[in-house]
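Line by line, the protein sequences give chains A and B. Residue numbering for the first sequence is 19 to 368, as defined by this note's numbering. Residue numbering for the second sequence is 19 to 368, as defined by this note's numbering. Cβ coordinates follow ideal geometry from the N, Cα and C atoms, glycine included. Since the structure comes first, as structure tokens, the remarks are kept for the end.
2 protein chains.
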Amino acid sequence: MELSDRKKKILQAIIDDYIASAEPVGSSHILKNHDLGVSSATIRNEMAALEEAGYLEKPHTSAGRVPSYLGYRVYVDQLMNEYSLSVTEINQITSALRTKYLELRRVIDSISDIMSVLTDYTAIYTTPSATGITVSNIKLVPVDERSFVALVITNTGAVKNRTIRTSKIFEPAVLEKLSNYLSYRFAGCDTGEFTPEVLSNEKNLIPVDEELIDAVFEFLTDLSNEVENVDVVMSGTTNIFKHPEFNSIDRTKDFLNFIKKDNSKIIKSLLSQTGDSTSVIIGNENPVLENKDISLVVSNYSLGGGLKGKLAIIGPTRMDYAKVISTLDYLTSCINEVTANPDERKNDFD
Amino acid sequence: MELSDRKKKILQAIIDDYIASAEPVGSSHILKNHDLGVSSATIRNEMAALEEAGYLEKPHTSAGRVPSYLGYRVYVDQLMNEYSLSVTEINQITSALRTKYLELRRVIDSISDIMSVLTDYTAIYTTPSATGITVSNIKLVPVDERSFVALVITNTGAVKNRTIRTSKIFEPAVLEKLSNYLSYRFAGCDTGEFTPEVLSNEKNLIPVDEELIDAVFEFLTDLSNEVENVDVVMSGTTNIFKHPEFNSIDRTKDFLNFIKKDNSKIIKSLLSQTGDSTSVIIGNENPVLENKDISLVVSNYSLGGGLKGKLAIIGPTRMDYAKVISTLDYLTSCINEVTANPDERKNDFD
DNA sequence: CATTAGCACTCCAATCTTCCGAGTGCTAAA
DNA sequence: TTTAGCACTCGGAAGATTGGAGTGCTAATG
């Protein structure tokens, strides 16, 4: 069903007002706050039609109307006005990004903080992960007689390390020789390739003490499993208290239980279902959000070197979508810009 | 004022009951549930005296009594019965600790998870920090023509790293020579010693390109500042919903706003005020908890190699102190035992 | 003199009642 | 097709009612 222009205007007016006030919107409100040139009776008729079509809902007979999930969807896709960031907001963002030496680990963390402050919702991001990470160098560095650090440096400059203690004493020269061999042998290999099979074949070719090679290879195997190790991190979880829907303890419980640590798998999979462009998930549109009245705006960020992740805002379905979407878009574009031009930069991901 | 035996028994009975029920405790309740051999009238008289002395409070005239902060203090210090962990609980703990290769970063994290599950409160820990960390080795490992990774390996086996990109091309041999010199020069140095003054003196003695040495030294300076970098991490924040005091949205807001990320400085300082043994902070005993009805039980853990931190439980003042204290004590002793015997072990702190 | 039964009194919290008004849907006129 | 007008609905705020758990005091008791 295609909506008439007037219906669209009325729907937009209702959703705009509802987002601003969190109160069901009545026909006379629309009359007062929007210049539609028709009477409240006409608006009522149109509202009834919009309800019939599934875009609006009534909490009860004598209340105003509230957008349905479908209503929000139409609003997000077609109706809402573009929100433009204020100068102050843009300044906040740029000054936060202009630290001289950015540690990769912190960049996205602070961005997520900024997001939550600017929008007054909760920000979520997944830690960056990369496909096609290859080994650039492997080092075994002695710490004391019976322990050394195994290091794998990747093409992205990330460093994975593990301290290994041994029962025997190994000469630094032995470790160095093994380092060199491993670097030579595995340079350019994808970190996902360190399967037990590959390594056990390899093991027979290396004339080194078994304890040593076993420990190192176990580290490598663990690495290949770690590729999937994406975490979900949040900031501004208590921002929800700024919104009236969370004056009810039940809503609050629902929300906090949804975003809690134990639930990160579900959130991760929810985020991963979105595509390459900024997308909006509204209430029941996704089964895991069933009856939770939660919406998400999900975006993608890239830190260069193939490191990518999701950055999202989560909040009540009555969310200021226009503001959230434009803030998110602006921020992710800033990140991409900053990181596309890699200067000297810390890298803490391991 | 020293309490009579009977007063102590009554006070203990009231606090025990209140911890279990979260309801103000009346004289007839005590009569029913505890065998004190006196009538409710006598108990009432004693209760009035205990209130007079500041150990109890009345929410209103016709309600039962509730412990005051002072009451809890006496309870924790003198009255409460020892709680002994059940076999199931001990099994849960040991099986969680018996992973073959423990990553240091995860040990304390999973311990904190276990804590929150076992106690139904929120667990907090500070990331381990160490005093007297010294440099064991410095490496500069080439990644590609114009970038390399600078690594500082400490006596504890922790690895700090930063990826550095340069405008000029440096031969691997140059980097290796510099590595060797820096390792030789700074081996055994405390990481706190890399002040700009020390380093700028040093700089003149090293016949290497300035860009290179500047970048590396900036990394070292940053390291020395980083020593103080202790984070506060929580698990089980939504456990509070299991306790009836958090059926009120205001209590919940207060609590969540107190433990939120922005507040970690205050929490850190609160934790650091405690000594070497397990200690309890009850309600208004500390100004930052003023009128928040929050208590903490704080303990110390040690991961070996000088790495130490605080592990704590935070919850309402009506907390099952006996259970929390004994769980916390048992867990920290387990950690200390496990880590005192360092086998091959991952180390992810950097 | 400490203890206790008895009783009047207090006051919260749960439940019920009342009532206001914002909002609707329908009808009939423009 | 739009609109003025009107009867009707219903949630929620404000007030009234009531029950019961709990107290403090007094006077009797061993």
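List, in order along the chain, the chain B residues whose C-beta lies closer than 9 angstroms to that of residue i?
| i | result |
| --- | --- |
| I267 of chain A | F259, F264, N265, S266, I267 and T270 |
Starting from residue i, find everything on chain B with Cβ-Cβ shorter than 7 angstroms and list it in chain order.
| i | result |
| --- | --- |
| G175 of chain A | V161, S165, V167 and T181 |
| T239 of chain A | Ordered by position in chain B, no residue passes the 7 angstroms Cβ test against T239 of chain A, which lies about 11 angstroms from the chain. |
With a threshold of 16 other CB atoms inside 10 Å of the CB of residue i, please say whether the residue is buried or exposed.
| i | result |
| --- | --- |
| Y202 of chain A | exposed |
| N318 of chain A | buried |
| I108 of chain B | exposed |
| I33 of chain A | buried |
| R164 of chain B | exposed |
| S22 of chain B | exposed |
| T149 of chain B | exposed |
| D53 of chain A | exposed |
| G175 of chain A | buried |
| S45 of chain A | buried |
| A178 of chain B | Contrary to the premise, residue 178 of chain B reads as Lys rather than Ala in this sequence. The residue is buried, with at least 16 neighbouring Cβ atoms inside 10 Å. |
| S253 of chain A | buried |
| S57 of chain B | exposed |
| I277 of chain A | buried |
| A31 of chain A | buried |
| D280 of chain A | exposed |
| E236 of chain B | buried |
| D361 of chain B | With a pLDDT of only 46 at D361 of chain B, under 50, the local geometry of the prediction cannot be trusted, and no value is derived from it. |
| H47 of chain B | buried |
| S86 of chain B | buried |
| D35 of chain B | buried |
| G89 of chain A | buried |
| N222 of chain A | exposed |
| A233 of chain A | buried |
Which partner residues does residue i have in the DSSP bridge list?
| i | result |
| --- | --- |
| M252 of chain B | B:I142 |
| A168 of chain A | A:L158 and A:R180 |
| V316 of chain B | B:S297 and B:A330 |
| P85 of chain A | A:L74 |
| V153 of chain B | B:T172 |
| A148 of chain A | A:L325 |
| V43 of chain B | B:R83 |
Between the Cα of residue i and those of the options, spot the shortest distance and give me the residue it belongs to.
| i | options | result |
| --- | --- | --- |
| I224 of chain A | A:S147, A:I312, A:A148 and A:K195 | A:K195 |
| N247 of chain A | A:G72, A:T145 and A:S128 | A:T145 |
| T152 of chain B | B:F204, B:L217 and B:T181 | B:F204 |
| P42 of chain B | B:D53, B:V159 and B:L29 | B:L29 |
| V159 of chain B | A:I182, A:S197 and A:F166 | A:S197 |
| N63 of chain B | B:S39, B:I37 and B:K25 | B:K25 |
| K328 of chain B | B:P334, B:S287 and B:K76 | B:S287 |
| R183 of chain B | B:E75, B:F166, B:P85 and B:T255 | B:F166 |
| D227 of chain B | B:L103, B:K279, B:S130 and B:S185 | B:S185 |
| T106 of chain A | A:S351, A:E355 and A:T345 | A:T345 |
| V92 of chain B | B:K27, B:D249, B:I132 and B:I61 | B:K27 |
| A340 of chain A | A:P77, A:N99 and A:N354 | A:N99 |
| M337 of chain A | A:L325, A:V298 and A:N354 | A:V298 |
| C352 of chain B | B:S104, B:A114, B:G82 and B:L88 | B:A114 |
| I331 of chain A | A:V135, A:T239, A:T213 and A:E20 | A:V135 |
| D272 of chain B | B:S242, B:P334, B:V315 and B:T239 | B:P334 |
| D95 of chain A | A:T296, A:I171 and A:S320 | A:T296 |
| D347 of chain B | B:L321, B:S282 and B:V316 | B:V316 |
Going along chain A, which residues have a C-beta under 7 angstroms from residue i?
| i | result |
| --- | --- |
| S154 of chain B | V161 |
| K279 of chain B | S253 |
| K186 of chain B | Within chain A, no residue comes near K186 of chain B; the closest Cβ sits about 13 angstroms away, beyond 7 angstroms. |
| I171 of chain B | V159, V161 and V167 |
For a contact defined as C-beta to C-beta under 8 angstroms, what are the partners of residue i on chain A?
| i | result |
| --- | --- |
| N304 of chain B | Result: empty, since nearest Cβ-Cβ is about 21 angstroms, beyond 8 angstroms. |
Which bits of chain B does residue i rub up against, with CB to CB less than 8 angstroms?
| i | result |
| --- | --- |
| T256 of chain A | K271, L274, N275 and K278 |
Every unbroken alpha helix (DSSP H) inside the region 192–260 of chain A [4 residues or more]: Entirely contained in the region 192–260 of chain A, the alpha helix (DSSP H) runs reaching 4 residues are, in chain order, 214–223 and 228–244.
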